[in-house]
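Just so we're aligned, residue 551 is where the sequence shown starts under this note's numbering, counting upward by one.
C-beta: ideal position from N, C-alpha, C; glycine also.
Because the structure is a prediction, the values reported are computed rather than measured.
These notes are about the structure you will find just below.
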Amino acid sequence: MAGIHISDLESAINWWRERSPSADGVTACPEVVALGEPYALLVYRQASEMDEAALSPAALAAWLAWYDSTPDAPCIAICSTAQGDPTCKGCGRTEDEVQNWPMLSPAEKRQVWHRITLEGTAWRFNRYAERAGATDQGTAR
């Protein structure tokens with residue numbers, strides 16, 4: 551089974567907190583409570599990842615609901631693996647990851663997302679992100 555990174559648990563907790571805010575400012579919704587336990591265990595153990603099989607059914611359901619709100623594939627429609635590159639210059643995935651993406655579990659996909667985000671070398675994270683930022687501000691490059 552694939553591991554779920556602490557940053558994904560944190561993102562899921564924050565997503566649920568926004569979606570189901572506390573009525574009294576103290577009590578968390580059931581999804582936040584379910585996700586809070588594995589998050590706290592990771593913090594306590596000073597670990598960054600937890601096997602998805604170790605999540606309770608409630609925590610896994612809450613995490614999967616958050617996952618469904620995220621983009622599935624990092625593809626930006628500029629695939630250099632089709633041109634023979636072992637790693638796509640557009641999205642940062644390996645040829646094997648691109649080919650097998652539909653068969654990967656949500657946790658496996660998030661592991662790839664985490665790796666390519668940390669690497670930050672794919673065009674998705676630099677060349678085209680810079681252009682999108684400039685266009686958002688009203689100045690095209």
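Expected contact under 8 angstroms - CB spacing of residue i and residue j to nearest Å
| i | j | result |
| --- | --- | --- |
| G642 | E669 | 6 angstroms |
| A562 | A603 | With a Cβ gap of about 17 angstroms, A562 and A603 do not count as contacting. |
| A609 | E587 | 7 angstroms |
| C638 | A672 | 7 angstroms |
Length of the line joining the Cα atoms of residue i and residue j
| i | j | result |
| --- | --- | --- |
| G634 | S570 | 46 angstroms |
| K659 | G553 | 10 angstroms |
| A690 | A632 | Confidence at A690 is low in this model, with a pLDDT of 43, below 50, so its placement is unreliable and no value can be given for it. |
| M653 | E647 | 10 angstroms |
| T597 | L591 | The question names Thr, yet the displayed sequence has Ala at residue 597. Taking the straight line joining both Cα atoms gives about 8 angstroms. |
| D686 | D574 | Per-residue confidence for D686 stands at a pLDDT of 47, beneath the threshold of 50, marking its modelled position as unreliable; no derived number is given. |
| N564 | S619 | 13 angstroms |
| A623 | S606 | 26 angstroms |
| V582 | E568 | 10 angstroms |
| A578 | W566 | 9 angstroms |
| F675 | Q649 | 21 angstroms |
| A657 | C629 | 23 angstroms |
| P580 | S572 | 10 angstroms |
| E645 | H555 | 23 angstroms |
| V593 | T667 | 22 angstroms |
Buried/exposed call for residue i, threshold 16 Cβ in 10 Å
| i | result |
| --- | --- |
| D558 | buried |
| G640 | buried |
| P662 | Note that residue 662 is Val in the sequence shown here, rather than Pro. Buried is the call here. |
| Y589 | buried |
| A584 | buried |
| A627 | exposed |
| Y617 | buried |
| P636 | exposed |
Check: residue i C-beta below 8 angstroms from any heavy atom of the ligand NAP
| i | result |
| --- | --- |
| P621 | As for the ligand NAP, it is missing from this structure, which has no ligand bound. |
In DSSP terms, what residue i is bridged to
| i | result |
| --- | --- |
| E599 | H555 |
| T620 | None, per the DSSP bridge assignment. |
| T637 | T644 |
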